[in-house]
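**Student:** Questions regarding the structure given below will be posed in turn.
In the working numbering, the protein residues as written are 25 to 115.
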């Protein structure tokens, strides 16, 4: 059982790293030209829209309240953690 849990954890970690790096490159390329203030504004807008979308999508799925609250909280935390890890690269 521990081996299965470790495999699942490694798959989740690899998936998170891969998605983070892809998004980092896409967002950097899309929003780099407007300067740092513009970049930060775009990141904040994306974060807010993603969290709103998470809340709306879960309401429409008809999940039970406990699952909905737990998933909303975790998904929202993932979004915030991911997007706040992006920094404006002056290079």
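Where is the CB? At the ideal position from N, CA and C, for every residue including glycine.
Of all the alpha helix (DSSP H) runs that stay within the bounds of the region 47-95, which reach a length of 4 or more residues?
**Tutor:** Correct list: 60-85.
**Student:** Quick one: measure Cβ to Cβ for residue 99 and residue 78, integer angstroms, because I've assumed they're closer than 8 Å.
**Tutor:** 5 Å
**Student:** Contact between the region 88-103 and the region 46-65: three or more CB pairs below 8 Å?
**Tutor:** no
**Student:** Spatial neighbours of residue 112 within its chain, please: CB distance less than 6 Å, with the 5 preceding and 5 following residues excluded, ordered by chain position.
**Tutor:** Counting only Cβ-Cβ distances below 6 Å, and skipping sequence neighbours, we find 60, 63.
**Student:** What is the rounded straight-line gap between the Cα of residue 51 and the Cα of residue 88?
**Tutor:** One C-alpha to the other measures close to 34 Å.
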